[in-house]
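Below: the structure, in structure tokens.
Residue numbers (full-length UniProt numbering): 1 to 213.
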């Protein structure tokens with residue numbers, strides 16, 4: 001069995017994860033306060049807006065192809081001037097509550113992931129990278145990543161479907177961008193689960209080696 005690790009890399013990772021832990025705690029406190037404020041109907045300070053990017057794909061038409069199409073009533077139209085992200089200001093209480101709940105769930109998930117990573121690093125620094133708990137921690141991280149990515153993407157796509165008929169960009173058509181489902185997070189979650197399985201095998205080998213010593 002290897003001894004405790006005191007390498008500069010381990011110390012650096014420990015510092016980074018500790019900083020992330022406190023940042024996540026602070027962000028969770030902010031999200032909880034935001035949710036309470038929204039549910040309680042507390043008015044946002046002047047100059048503060050609640051907005052989020054939406055997964056809307058913008059396809060610009062050639063001048064000969066552009067046409068007025070369906071006329072959106074001026075009082076309902078949201079004219080977008082950006083060319084990359086579609087950002088909408090959430091003014092209705094219902095939309096803000098949903099946004100606050102989703103953001104709180106995501107921030108709690110991030111906090112749990114950082115907690116598991118810190119626990120894994122402590123085992124590694126103690127010279128026990130193949131402890132019986134590390135594969136379980138990796139599995140929890142993998143399932144969290146698998147759940148949080150599609151949750152964020154699915155919520156954003158649902159919100160985009162609600163706002164799509166109110167968005168207007170001259171000379172362009174708008175559609176929901178399916179790539180916002182976060183396929184990358186699904187692949188990352190599966191990869192972490194695979195690594196967890198490898199760690200399980202490592203734990204078995206470590207136990208067998210300890211028995212033969």
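The beta carbon of each residue, even a glycine, is placed where N, CA and C say it ideally should be. Note that the coordinates shown come from a computational prediction; the quantities given were computed from them, not determined experimentally.
Original post:
residue 135 by DSSP, collapsed to three states: which one?
Top reply: helix
Original post:
From which residue to which residue does the alpha helix (DSSP H) around residue 187 run?
Top reply: 183-212
Subject >> Cutoff 6 Å; reference residue 38; Cβ partners in own chain excluding five residues on either side >> reply: 96, 97 and 100
Original post:
Taking C-alpha atoms, which residue in 140, 13, 200 and 20 lies nearest to residue 130?
Top reply: 200
**OP:** Spell out the partners DSSP gives residue 176 in its beta bridges.
**Re:** According to DSSP, which records beta bridges pairwise, residue 176 is partnered with 56.
**OP:** Please go through the same chain and pick out, in chain order, the residues whose beta-carbon is closer than 7 Å to the beta-carbon of residue 145, but skip the five residues on each side of it.
**Re:** 185, 188, 189 and 192
Original post:
Can residue 198 and residue 151 be called in contact, C-beta distance under 8 Å?
Top reply: Result no, Cβ atoms of residue 198 and residue 151 do not sit closer than 8 Å.
Original post:
Apart from the five residues on each side of it in sequence, which residues of its chain come closer than 7 Å, Cβ to Cβ, to residue 67?
Top reply: Here the model assigns residue 67 a pLDDT of 45, short of 50, so the residue's position is not dependable and the matter cannot be decided.
**OP:** Keeping to the same chain, check which residues put their C-beta closer than 7 Å to that of residue 139; ignore five residues upstream and five downstream.
**Re:** 193 and 196
Subject >> Under 8 Å between C-beta atoms of residue 137 and residue 119 >> reply: yes
Subject >> Length of the line joining the Cα atoms of residue 178 and residue 40 >> reply: 34 Å
Original post:
What are the boundary residues of the alpha helix (DSSP H) that residue 165 is part of?
Top reply: Neither: residue 165 is in no alpha helix (DSSP H) and is coded neither H nor E.
Original post:
To the nearest angstrom, how far is it from the Cα of residue 31 to the Cα of residue 158?
Top reply: 21 Å
**OP:** Use the C-beta contact count for residue 126: other C-beta atoms within 10 angstroms, 16 or more gives buried, fewer gives exposed.
**Re:** exposed
Original post:
In three-state DSSP terms, what is residue 105?
Top reply: It is helical.
Original post:
For residue 57, which option in 33, 175 and 153 has the closest C-alpha, if you only look at C-alpha atoms?
Top reply: 175
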